[in-house]
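Protein chains in written order, with the working numbering: chain A, 5 to 84; chain B, 4 to 877. Virtual Cβ for every residue (Gly too), placed ideally from N, Cα, C.
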Ligand SMILES: [Mg+2]
Ligand SMILES: [Zn+2]
Ligand SMILES: [Zn+2]
């Protein structure tokens, strides 16, 4: 069952993108929160395997939604 | 009462271990003797009921604070233990500290560099799992490193320390006494403790080895006096008595220089008693018991479990001004009313403040007293003193009544009440109703509200609460009144709607019926309608015209009936289609939803009541009864049904042949046998559906059964079919019935018989009678269903409880994010689309209608606008 296919290319994995520092600041100030209040994702999450991320980054995830057609949400990266 | 209260804000609360010095300082008495009372029954000084620790006898005064019973909060005492004992709740802490530190110098058994290495990991662990996790991780590191056998600081050799449950510590199989443990723990410095996750300033570990035992105040372990005049002490007092007695003996033996074995034994006994004083449900220890064999309830048992202080007394509330009885239906009540028996109304009261304007009015209630309805039970003086109204006090009560007093008068028509049925799974399980006092002994409600409460009348009981303040009444009325709850927050559809006879009646009415004008007025007035000006001015009036009276004149609606025909209402007139469960029923009705949206909750509730009564009125005129002959099928239908079933059975026989020859193509992921079973089930279900269609096609037009089914009031054609023609396959766990005897379901069949009839297919209908084997098959599935519900209900109940507890403090903020009480984000936009479901139609927003309304009916072609951007979305 070894697969050469990259996980990020799989149709069931929604699009994960890293926010730039300015985007990150913009998001946090728009929501009026600090990094602490953002839901978390682990650094070693398979979906982030091919991305260059470190703790403190924010990941933007866009996926299909049953209620809205598309939805965007964010996860803050943590170690372990 | 007293205005000298001092208000302070609590900044923080710290928890730690109680040290012996503080313990002594906070104590009001030193306990030295197991005796409780002297010969006169007066508490002995230095005994466990010492009045320095508080009083429980009326008449006595506390020696510490000088107050009487109920005023004195109670004061702790203390007892000196002859030998130290381990506090059972801290054995794990003691163990990890003993294992983690050097027995000689008290330093942590790993070099400091190693701790620095893991610093980051430790921080995460502490954040996630607290001190407990952190400590466990450190001991793990210590055990993993080989130097654990030797102290890296003083090079002293270390032995393996184990815990023999519940409280014996062993070092290389040799027992360490609590005295030794205590002295080892004393050696650990506060800095070292900090690394282990213990705050030495407030919780020195040696304090977990008790030398002084705090004796709880008398007020938290009061004795009760039995009818015989005998005193019965609290379980805690019993336990403390044991401790004091053993402690005394231990003291005596030590002083007398008794052999070490005797002292050890007594010490052990003391340890046992102190342990069971804290927790009497330790797995390895026999619980301490009363003389009658029932285990003592000590401190831990008082706190934990469902009957404990937390869940029973703190989380679970009891309330006054509430009632509970059996419920019964009353179609004459409005949907927001509740019928209350007079018996209950005389017990439940509403406080009314006396003013100069209502003085005379309220005096009447006081004059009537508690026995005569409507009277009153209590008056409350301006100073808050409550006075009961009895035949003796009645006159003086009337006289002294003046502005500023409060009269607790009996419940009356129109009062506000909150009505509830358990399990209260959603907010519609508690709704506000207006009281109607009725004769009888049951609580009465309109059948339309049975749906949200999930109530029926097979013995169900419900609760009634009477709000006691203006504020509570206003809140209940504004937020909880039945009509405000018509639209469910689940899908934005009506949860309250027509049921049963109301549906059948309206279905009947809106068919091709015609009435004389006189009859029409008769029906309408028995439904509570007295305004007939909209009735067409002609002699013959159709049912649709009668129904139209209930619809507002400017209401237009386009929908679909249950069987897919169009339902058209134009300017308040029902043009086409019959009213049925698809539009009037709960959970489905877009008709009700539209009325609610355009005319508001009050109006909807009113229309609903009228529709309900109209349906019943029609049925009263028309009559509704089921006849056995309604189930008679025409000869032709009977023949075709027979053919359908025979064909199915033949097909099963073919499948059996294919299966036995193994020529059947297996379905992906299934074995041959599974494929065969699936195909059988499919074939039989198809056959049964064909039969259902045959029955519905040929059922007697206008029969009462048919009317019930077509209106959606009760039953489906499937049920008609089961009675008239074919019961169908009895399914057990998703397949045909297969077990029972070896290779067969019943001994009436041959082994390996796979035919339809041998595996639970019932070809006949109830009317024609079942075969003996069929009864068995129905018995099997019937029992399985019963078991399933009996097992599933508590499981899903617990799951629901966990979910509700986890989500109870989530809320939608003004920026549409969902957050918890700590401000953490759970969802970036509520429901991912930001739609308030309770203001939508089935979770969607009807953009088309909004446009229609905005443009005055002229539909624009551009409908693909983003739902969320439409300004009228809510
Ligand atoms: Mg019931
Ligand atoms: Zn006191
Ligand atoms: Zn050492």
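Those residues which DSSP pairs with residue i across a bridge
i: residue 408/B; result: 406/B
i: residue 354/B; result: 411/B
i: residue 732/B; result: 764/B
i: residue 341/B; result: 438/B and 448/B
i: residue 518/B; result: 544/B
i: residue 801/B; result: DSSP, once it has assigned bridges, lists no residue as partnering residue 801/B.
i: residue 815/B; result: 821/B
i: residue 77/A; result: 65/A
i: residue 465/B; result: 328/B
i: residue 20/A; result: 65/A
i: residue 501/B; result: 588/B
i: residue 40/B; result: 46/B
i: residue 230/B; result: Its beta-bridge partners do not exist; DSSP assigns none.
i: residue 82/A; result: 46/A
i: residue 492/B; result: Beta-bridge pairing links residue 492/B to no other residue.
i: residue 292/B; result: 298/B
i: residue 847/B; result: 844/B
Cβ distance (whole Å) where residue i is taken to contact residue j below 8 Å
i: residue 457/B; j: residue 424/B; result: 7 Å
i: residue 784/B; j: residue 762/B; result: About 12 Å separates the two Cβ atoms, so there is no contact after all.
i: residue 242/B; j: residue 276/B; result: 7 Å
i: residue 621/B; j: residue 740/B; result: Their Cβ separation, rounded to whole angstroms, is 44 Å, which puts residue 621/B and residue 740/B out of contact at 8 Å.
i: residue 878/B; j: residue 75/B; result: Only positions 4 to 877 of chain B appear in this structure, which leaves residue 878/B out of reach.
i: residue 655/B; j: residue 728/B; result: Not quite, the Cβ-Cβ distance comes to about 18 Å (not below 8 Å), so this is no contact.
Boundaries (first-last residue) of the alpha helix (DSSP H) holding residue i
i: residue 851/B; result: 850-858
i: residue 456/B; result: 453-456
i: residue 189/B; result: 181-190
i: residue 33/A; result: 25-35
i: residue 306/B; result: 302-306
i: residue 381/B; result: Here residue 381/B belongs to no alpha helix (DSSP H); instead the beta strand (DSSP E) covers 379-383.
The beta strand (DSSP E) enclosing residue i, as first and last residue numbers
i: residue 66/A; result: 62-68
i: residue 86/B; result: 80-89
i: residue 422/B; result: 419-423
i: residue 45/A; result: 44-46
i: residue 699/B; result: Unbroken run through residue 699/B is the alpha helix (DSSP H), 675-701; no beta strand (DSSP E).
i: residue 560/B; result: 560-563
i: residue 578/B; result: 576-579
i: residue 217/B; result: 212-218
i: residue 571/B; result: 569-573
i: residue 391/B; result: 389-391
i: residue 830/B; result: 828-830
Neighbour flag for residue i against chain C, beta carbons, 8 Å
i: residue 828/B; result: This model lacks chain C altogether, as its protein chains are A and B.
* Residues passing the C-beta test against ligand 4 heavy atoms, cut-off 5 Å -> Absence of ligand 4 from the depicted structure is noted, with ligand 1, ligand 2 and ligand 3 being the only ligands included.
* Tell me, please, whether the stretch 31-51 of chain B touches the stretch 76-88 of chain B by the rule of three or more beta-carbon pairs shorter than 8 Å. => yes
* To do: Tell me, please, whether the stretch 164-174 of chain B touches the stretch 83-102 of chain B by the rule of three or more beta-carbon pairs shorter than 8 Å.
  => Taking 8 Å as the limit for Cβ pairs, the verdict is that the stretch 83-102 of chain B does touch the stretch 164-174 of chain B.
* **Completely contained alpha helix (DSSP H) runs for the stretch 92-174 of chain B, where each covers 4 or more residues** => The stretch 92-174 of chain B contains these whole alpha helix (DSSP H) runs: 94-103, 115-120 and 122-147.
* **In chain order, each alpha helix (DSSP H) run of at least 4 residues that lies wholly inside the stretch 607-669 of chain B** => 638-664
* Asked: Enumerated in chain order, which unbroken segments of the alpha helix (DSSP H) with a length of 4 residues or greater are wholly contained in the stretch 707-758 of chain B?
  -> 707-714 and 720-727
* Asked: For the 8 Å Cβ check, are there 3 or more pairs between the stretch 726-745 of chain B and the stretch 686-701 of chain B?
  -> yes
* Inspect the CB distances between the stretch 590-609 of chain B and the stretch 551-569 of chain B and report whether three or more fall short of 8 Å. => The answer is yes - the stretch 551-569 of chain B touches the stretch 590-609 of chain B, with three or more Cβ pairs under 8 Å.
* Are three or more beta carbon pairs between the stretch 70-82 of chain A and the stretch 38-47 of chain A nearer than 8 Å? -> With the cut-off at 8 Å, the stretch 70-82 of chain A and the stretch 38-47 of chain A touch.
* To do: Flag this pair as touching only if the stretch 411-421 of chain B and the stretch 346-366 of chain B have three or more C-beta atom pairs under 8 Å; answer yes or no.
  => yes
* Asked: Would the stretch 612-619 of chain B and the stretch 514-524 of chain B be scored as touching if the rule is three or more Cβ pairs under 8 Å?
  -> no
* Asked: Are the stretch 300-312 of chain B and the stretch 276-290 of chain B touching, with three or more C-beta to C-beta distances below 8 Å?
  -> A contact exists between the stretch 300-312 of chain B and the stretch 276-290 of chain B.
* Asked: So, do the stretch 371-379 of chain B and the stretch 425-435 of chain B have three or more beta carbon pairs nearer to each other than 8 Å?
  -> Inter-segment contact for the stretch 371-379 of chain B and the stretch 425-435 of chain B is absent: fewer than three beta-carbon pairs are separated by less than 8 Å.
* Answer yes if the stretch 494-505 of chain B comes into contact with the stretch 849-859 of chain B, meaning at least three C-beta pairs across the two stretches below 8 Å, and no otherwise. => no
* For the stretch 500-515 of chain B against the stretch 573-592 of chain B, are there 3 or more C-beta pairs whose distance is under 8 Å? -> yes
* the stretch 208-223 of chain B in contact with the stretch 183-199 of chain B per 3-pair CB rule at 8 Å -> The stretch 208-223 of chain B, when compared against the stretch 183-199 of chain B, does touch it at the 8 Å Cβ threshold.
* Are there three or more Cβ pairs, one per stretch, closer than 8 Å when the stretch 708-726 of chain B is compared with the stretch 752-760 of chain B? -> Put simply, the stretch 708-726 of chain B does not touch the stretch 752-760 of chain B. Fewer than three CB pairs are less than 8 Å apart.
* **Cβ contact (3+ pairs, closer than 8 Å) linking the stretch 458-477 of chain B and the stretch 561-575 of chain B** => no
* Asked: Touch check for the stretch 316-334 of chain B and the stretch 356-367 of chain B: three-plus C-beta pairs under 8 Å?
  -> no
* Segment contact flag, the stretch 194-209 of chain B with the stretch 95-113 of chain B, C-beta cutoff 8 Å, min 3 pairs -> yes
* Please determine if the stretch 697-716 of chain B and the stretch 504-517 of chain B are in contact, where contact requires at least 3 C-beta pairs separated by less than 8 Å. => yes
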